[in-house]
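In the working numbering, the protein residues as written are 6 to 514.
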């Protein structure tokens, strides 16, 4: 085990800044927005304006009611009305400064919600400073009433429109119709990621290859969408854009003509009113770890290297202890009911213990509810030829070793609940990479070992993204992305998504 641990650290040090994974595309607006995008942005703007106007008018409305009841002067109400109007304008300006009404900031990921929170906090800070400098203590009511009510209302509004978008996307609706342009291997990856991850934000309407023909890349693209128009660049991109009704071009990776080709592409698109979106070559890095600074027209990307120690890991451990303790306490009746069902279902122990690779490759005994017959390990050799799992994983959809109650325990991930004992002991975390078998670890390539730099999790990106339905390469990518980019907010989001997956299972067998 010590050899595995030392190997991990060596791989970690030697691969810093070299191993990268997929990240969302970054956008640079250079043209107009499609009709669907414009319509959606107007709806967002109108909703935000309505919410902000209402919450900023509340102090004036309240003061008006007080004046009528006490027959006092209406001057205070007019004061609050004017202050509320100015505050509403400042709030909308704050949203504008954070680009809350631009396509690159909405409909995908958590960025949209972060913008709403940050803009509200900036506004609250501005009002606080204004009160301190002017002594206008009457403005405190906006900090106590308008901002606390406005922020949740704005977030709810954005979430509601997201649900509407998700509903419309089932019938093919998207905010942007995009033409993917690039070399064959890059375009196939971009099409696959956009099709699976972009939701209603981007719809790929065509692929334009830059370079020589590549049959393997073409097959990959056809797997994502057999009906997708696919051509090779003949210098007539403008006609392709018009024919496919694309309102944006996504450049996937470097072009065969280098940086000058990208610059010339931007010039060509100026006359078409089409936006240019460039997929960053820096992949596998969350946006919070990247900062930009220009040097005479050359943008520099400052990348914060991944860290696996520090204060946030202490808080992660505190969260693990608190969450697992509360979970075990709340789930104790469920544990009892499942234990009784397993006992009545057939012979064997209630719990199943299996050695897994923990942080730095240290072994630990992972505990689960038993879902297979008592001699399942002995039967494994005979079933190896039927393996349907990806890579070194052994998975079988109709595994004959699974018991009757084990089927629905696995389907709804209820067999994983005892792992909260492992979390409490410090062997696992609530959220983290998938716990790996040592037989699997022995087959890892150097970069895959990086997933062991973090404690394995009861849940994680793999568990909520398709589980056993994923290809091995995609499973490793998700675990590595989490290990290098996790935040407290992302952990909370994954926990919420886990509840959803338990109700509507995907890939659990």
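Built from N, CA and C at the ideal position, the CB exists for glycine as well.
Only a predicted model underlies this, so the values are computations on that prediction, with no experimental measurement involved.
Query                                                                                                                   : Result
Span of the alpha helix (DSSP H), counted from its first residue to its last, around residue 428                        : 424-430
For residue 469 and residue 502, the rounded distance between their alpha carbons                                       : 7 Å
Residue 68, buried or exposed, once every other Cβ within 10 Å from all chains shown has been counted against 16        : buried
Per DSSP, cross-strand counterpart(s) of residue 361                                                                    : 369
Collapsed DSSP secondary structure at residue 103 in the structure displayed                                            : coil
Collapsed DSSP secondary structure at residue 176 in the structure displayed                                            : coil
8 Å Cβ shell around residue 121 - same chain, five flanking residues per side excluded                                  : 100, 105, 156, 159, 160 and 163
Cutoff 6 Å; reference residue 318; Cβ partners in own chain excluding five residues on either side                      : none
Contact check, residue 424 vs residue 371, beta carbons under 8 Å                                                       : yes
Residue interval of the beta strand (DSSP E) (run including residue 281)                                                : 280-283
Any 3 or more C-beta pairs closer than 8 Å across the segment 138-151 and the segment 107-117                           : no
DSSP beta-bridge partners of residue 255                                                                                : 185 and 282
Exposed unless 16 or more other CB atoms sit within 10 angstroms - verdict on residue 266                               : exposed
DSSP-derived helix/strand/coil call for residue 28                                                                      : Note that residue 28 scores a pLDDT of 33, beneath 50, so its modelled location is shaky; the value from the coordinates is reported in the next line. Of the three classes helix, strand and coil, the one that applies to residue 28 here is coil, per DSSP.
Nearest residue (CA-CA) to residue 97, options 57, 433 and 358                                                          : 57
Residue 296, enclosing beta strand (DSSP E) - first and last residue                                                    : 295-300
Residue interval of the beta strand (DSSP E) (run including residue 434)                                                : 434-436
Contact check, residue 254 vs residue 210, beta carbons under 8 Å                                                       : no
Nearest-angstrom Cα separation, counted from residue 289 out to residue 303                                             : 22 Å
Per-residue DSSP class, three states only, for residue 213                                                              : strand
Helix, strand or coil at residue 379 [DSSP, three-state]                                                                : coil
Residues that DSSP places opposite residue 237 in a beta bridge                                                         : 214
Presumed contact (8 Å Cβ cut-off) between residue 433 and residue 481, rounded CB distance                              : In fact, because the Cβ distance is near 19 Å, the residues do not count as touching under 8 Å.
Buried/exposed call for residue 89, threshold 16 Cβ in 10 Å                                                             : buried
C-beta atoms of residue 281 and residue 274 nearer than 8 Å                                                             : yes
Cβ neighbour criterion (16 or more within 10 Å) applied to residue 448                                                  : exposed
Presumed contact (8 Å Cβ cut-off) between residue 365 and residue 457, rounded CB distance                              : 6 Å
Own chain partners of residue 166 with C-beta closer than 8 Å, once the 5 adjacent residues on each side are dropped    : 45, 48, 49 and 52
Of the listed residues 269, 429, 234 and 200, nearest to residue 328 (C-alpha basis)                                    : 429
heavy atom of the ligand ADP below 7 Å from residue 410 C-beta                                                          : What this structure holds is no ligand at all, so the ligand ADP is not there to describe.
Nonlocal neighbours in the same chain, by C-beta distance under 7 Å from residue 54, ignoring five residues either side : 97
Run of the beta strand (DSSP E) containing residue 4, from where it starts to where it stops                            : Residue 4 lies beyond the stretch modelled for the chain, which goes from 6 to 514, so this question has no answer here.
Cβ-Cβ separation, residue 195 to residue 187 (assumed contact under 8 Å), whole Å                                       : 7 Å
Cβ neighbour criterion (16 or more within 10 Å) applied to residue 487                                                  : buried
Where residue 264 falls, given that 16 or more other Cβ within 10 Å makes a residue buried                              : exposed
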